[in-house]
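Number of protein chains: 2
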Amino acid sequence: TIQLKNIKKTFHLGGETVHALDGISLTVDRGDFLAIIGTSGSGKSTLMNIIGCLDQADHGEYFLEGLRVSQMDKNALADIRNQRIGFVFQGYNLLARTTALENVQLPLLYRRGKPINHPAKKAKEVLDMVGLAKRIHHEPNQLSGGQQQRVAIARALVTDPAIILADEPTGNLDSRTTEEILSLFQKLNDEGITIVLVTHEMDVAEHAKRVIDMRDGRIINNYEIAHR
Amino acid sequence: TIQLKNIKKTFHLGGETVHALDGISLTVDRGDFLAIIGTSGSGKSTLMNIIGCLDQADHGEYFLEGLRVSQMDKNALADIRNQRIGFVFQGYNLLARTTALENVQLPLLYRRGKPINHPAKKAKEVLDMVGLAKRIHHEPNQLSGGQQQRVAIARALVTDPAIILADEPTGNLDSRTTEEILSLFQKLNDEGITIVLVTHEMDVAEHAKRVIDMRDGRIINNYEIAHR
Ligand SMILES: Nc1ncnc2c1ncn2[C@@H]1O[C@H](COP(=O)(O)OP(=O)(O)OP(=O)(O)O)[C@@H](O)[C@H]1O
Ligand SMILES: Nc1ncnc2c1ncn2[C@@H]1O[C@H](COP(=O)(O)OP(=O)(O)OP(=O)(O)O)[C@@H](O)[C@H]1O
Ligand SMILES: [Mg+2]
Ligand SMILES: [Mg+2]
């Protein structure tokens with residue numbers, strides 16, 4: 343499904359050059375469940391943004407479901423993002439002055455192609471799945487940190503995406519709520535959804551099937567999780 | 343240093359009433375190191391905002407260093423916040439389009455009373471302590487999630503506060519960076535600084551001297567950490 347070949351991404355800041363990604367090659371097959379761990383600043387979010395078609399690499403090739411992403415036009419990229427991918431951002435990126443329910447419905451309202459009959463009903467279902475049934479009319483500044491994080495997760499799930507990209511989705515959750523979210527991800531993965539999850543906690547990474555470890559823009563380690 | 347008696351805080355939203363804090367009584371002595379754990383939505387951040395004089399309780403009493411906080415005027419409260427307390431926010435609250443160095447200097451520039459000679463020099467020192475010496479001219483959107491979190495930590499330390507309130511300060515940090523930050527906190531505590539730290543990870547909580555566990559706006563458990 344996802345094929346990255348020697349991906350590089352460099353940021354230029356004043357006179358400084360940051361090699362955020364320094365030659366990443368990676369394959370994620372359909373139905374895979376990959377965890378990405380690594381030090382703060384090692385390039386995990388930059389990699390996720392490229393996989394999620396939110397940013398483009400400076401070097402190397404990215405094939406998503408057989409299509410060469412670097413040669414796709416803006417509309418085609420936007421369609422893939424809205425219809426195939428659900429993204430949980432590390433910083434949530436919720437709209438202020440917009441309720442949880444409205445935030446979660448948004449991806450259903452701006453997708454082209456197959457419209458959905460009852461967006462509010464679907465949005466309520468996913469908010470209930472993440473334990474927020476009683477908070478659907480709260481705006482982000484009326485929610486706790488972990489509740490905001492769960493709204494971001496619900497929004498990523500509402501379009502029934504084929505691929506879920508989750509960047510530190512449990513960083514602000516207690517252990518029991520974390521377990522509930524990870525069980526939900528494992529259930530979706532059992533149903534065939536491909537999942538890439540960034541985390542800095544090994545307990546969380548062990549819910550995946552495979553783990554890659556990053557440092558300084560490179561993959562330094564690659565291993566299977568025995569039980570899955 | 344910090345004395346809370348039967349503190350209650352209620353939010354009203356449309357027809358709904360949220361009892362965010364439902365009778366909290368707590369004492370934190372000078373030089374204490376308290377960790378607060380509890381489920382997402384249990385009231386931890388709301389409690390921290392009251393301790394940090396950013397919000398007022400609806401009921402109960404709060405004495406900070408012997409002064410009754412509910413009877414202090416805005417200026418006196420602002421002085422206490424700027425001179426005695428360093429706050430690491432769960433959402434960081436960094437200024438956009440403002441470099442890490444500028445963000446960290448801010449508390450030094452708006453404190454009344456004893457001005458500091460070299461704010462930039464002091465700001466660089468604390469940024470170096472959290473491992474960000476090479477990122478001081480980056481703005482928040484040019485930093486990774488864990489780097490932003492560390493800028494928020496540095497900003498809380500730059501005024502040499504007597505009390506550090508840290509709301510989930512390691513949620514976006516890998517284990518090694520987390521250890522570095524917690525060692526720094528333990529060192530500051532050994533020097534006499536009072537620390538209250540919210541976390542949802544027991545490994546992190548065990549770096550404190552005492553832990554309280556919250557649920558539904560109440561303290562349900564209270565225990566000492568043996569080794570400290
Ligand atoms: N726009 C930018 N300009 C300059 N440097 C950047 C920019 N965005 C990211 N960086 C740098 O690129 C590196 C990788 O950032 P990235 O956000 O991918 O790290 P990360 O692995 O997700 O870290 P964390 O675990 O802290 O979230 C960091 O050192 C960061 O400072
Ligand atoms: N302005 C507000 N209006 C209405 N409800 C609010 C408001 N702010 C917070 N709440 C609610 O109060 C409760 C406590 O929130 P708080 O942020 O203190 O939780 P928390 O323990 O810090 O959670 P987390 O671990 O997820 O950060 C939550 O259920 C939240 O929805
Ligand atoms: Mg990141
Ligand atoms: Mg909180």
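Chains S and R supply the protein sequences, listed in that same order. Numbering-wise, my numbering comes out as the position in the first sequence, counting from 1, plus 342. Numbering-wise, my numbering comes out as the position in the second sequence, counting from 1, plus 342. The beta carbon of each residue, even a glycine, is placed where N, CA and C say it ideally should be. Since the structure is predicted, the reported quantities are computational estimates derived from the model, not experimental observations.
Exercise. By the 10 Å Cβ neighbour count, where 16 or more other Cβ atoms means buried, how is S525 of chain R classified, buried or exposed?
Worked result: For the purposes of this step, residue 525 of chain R is taken as residue 183 along the second sequence, with counting starting at 1. Exposed, because fewer than 16 other Cβ atoms sit within 10 Å of the Cβ of S525 of chain R.
Exercise. Residues bridged to I366 of chain S by DSSP?
Worked result: In the first sequence, counting from the first residue as 1, residue 366 of chain S sits at position 24. According to DSSP, I366 of chain S shares a beta bridge with S:I349.
For this session: Report the rounded CA-to-CA distance for C395 of chain R versus F375 of chain R, giving the unit in angstroms.
Result: Translated into the one-based positions of the second sequence, residue 395 of chain R becomes position 53. Translated into the one-based positions of the second sequence, residue 375 of chain R becomes position 33. Roughly 19 Å between the two C-alpha positions.
For this session: Can you check DSSP and say which residues form a bridge with M556 of chain S?
Result: The residue you call residue 556 of chain S lines up with position 214 of the first sequence. Its beta-bridge partners are S:G380 and S:I561.
Exercise. Does ligand 4 have a heavy atom nearer than 6 Å to the CB of K386 of chain R?
Worked result: As a first step, residue 386 of chain R is located in the second sequence; it is residue number 44 there, counting from the start. Correct: K386 of chain R has its Cβ closer than 6 Å to ligand 4.
Exercise. With respect to 6 Å, is the separation between the Cβ of S486 of chain S and the closest non-hydrogen atom of ligand 4 below this value?
Worked result: Your numbering for residue 486 of chain S matches position 144 in the first sequence. Checking every heavy atom of ligand 4 against the Cβ of S486 of chain S, one is found closer than 6 Å.
Problem set entry | Spatial distance of R557 of chain R from G380 of chain R (CA atoms) | For this step, residue 557 of chain R is matched to residue 215 along the second sequence. For this step, residue 380 of chain R is matched to residue 38 along the second sequence. Distance between the alpha carbons of R557 of chain R and G380 of chain R: 6 Å.
Exercise. Roughly how many whole angstroms lie between the Cα atoms of Q489 of chain S and L474 of chain S?
Worked result: Within the first sequence, the letter at position 147 stands for residue 489 of chain S. Within the first sequence, the letter at position 132 stands for residue 474 of chain S. Cα to Cα, Q489 of chain S sits roughly 7 Å from L474 of chain S.
For this session: Take T536 of chain R as the anchor and find which of R:D421, R:P503 and R:L355 has the nearest alpha-carbon.
Result: Your numbering for residue 536 of chain R matches position 194 in the second sequence. Taking each of R:D421, R:P503 and R:L355 in turn and checking the Cα distance to T536 of chain R, the smallest one comes out for R:P503.
Exercise. Per DSSP, which one or two residues make a beta bridge with E403 of chain R?
Worked result: By 1-based counting over the second sequence, the position of residue 403 of chain R is 61. Answer is R:K347.
Problem set entry | Below-7 Å beta-carbon distance, H361 of chain R vs any chain S residue | By 1-based counting over the second sequence, the position of residue 361 of chain R is 19. H361 of chain R does not count as touching chain S.
Problem set entry | Within 7 Å of chain S by C-beta, residues of the segment 468 to 497 of chain R in sequence order | Here the close residues are H479, H480, Q484, S486, G487, G488 and Q489.
For this session: Quick one: residues in its chain with C-beta nearer than 7 Å to the C-beta of D371 of chain R, no 5 flanking neighbours on either side, listed in chain order?
Result: The residue labelled residue 371 of chain R in the question sits at position 29 within the second sequence. Hits under 7 Å: T343.
Exercise. Taking only runs of the beta strand (DSSP E) that begin and end inside the segment 400 to 470 of chain S, which ones reach a length of at least 3 residues, in chain order?
Worked result: With a minimum length of 3 residues, the continuous beta strand (DSSP E) runs that stay inside the segment 400 to 470 of chain S are 401 to 406 and 427 to 430.
Exercise. Taking just the CA atoms, how far does F527 of chain S sit from L389 of chain S?
Worked result: Mapped onto the first sequence, residue 389 of chain S falls at position 47. Mapped onto the first sequence, residue 527 of chain S falls at position 185. Roughly 20 Å between the two C-alpha positions.
For this session: Within its chain, find whatever has a CB closer than 8 Å to the CB of A362 of chain S; leave out the 5 residues flanking it on each side and keep chain order.
Result: Within the first sequence, residue 362 of chain S is the residue found at index 20, counting from 1. Closer than 8 Å at the Cβ level, and outside the excluded window around A362 of chain S, lie K351, T352, F353, G385, T388 and G559.
For this session: Please list the segments of the beta strand (DSSP E) lying wholly inside the segment 471 to 548 of chain R, counting only runs of 3 or more residues, in order along the chain.
Result: Listed in chain order, they are 505 to 509 and 536 to 540.
Exercise. L389 of chain R by DSSP, collapsed to three states: which one?
Worked result: The residue labelled residue 389 of chain R in the question sits at position 47 within the second sequence. Reduced to three states, the DSSP call for L389 of chain R is helix.
For this session: Give a yes or no on whether the minimum CB-CB distance between D516 of chain R and chain S is below 7 Å.
Result: As a position in the second sequence, residue 516 of chain R is number 174, starting the count at 1. Interface with chain S (7 Å Cβ-Cβ cutoff): D516 of chain R is included.
For this session: Would you check whether ligand 2 has a heavy atom nearer than 6 Å to the C-beta of L355 of chain R?
Result: Within the second sequence, the letter at position 13 stands for residue 355 of chain R. Yes, since a heavy atom of ligand 2 falls inside the 6 Å radius drawn around the Cβ of L355 of chain R.
Exercise. How big is the Cα-Cα spacing for L355 of chain R and E481 of chain S?
Worked result: Sequence index remark: in the second sequence, residue 355 of chain R carries index 13 (1-based). Sequence index remark: in the first sequence, residue 481 of chain S carries index 139 (1-based). Spanning the two alpha carbons is a distance of roughly 10 Å.
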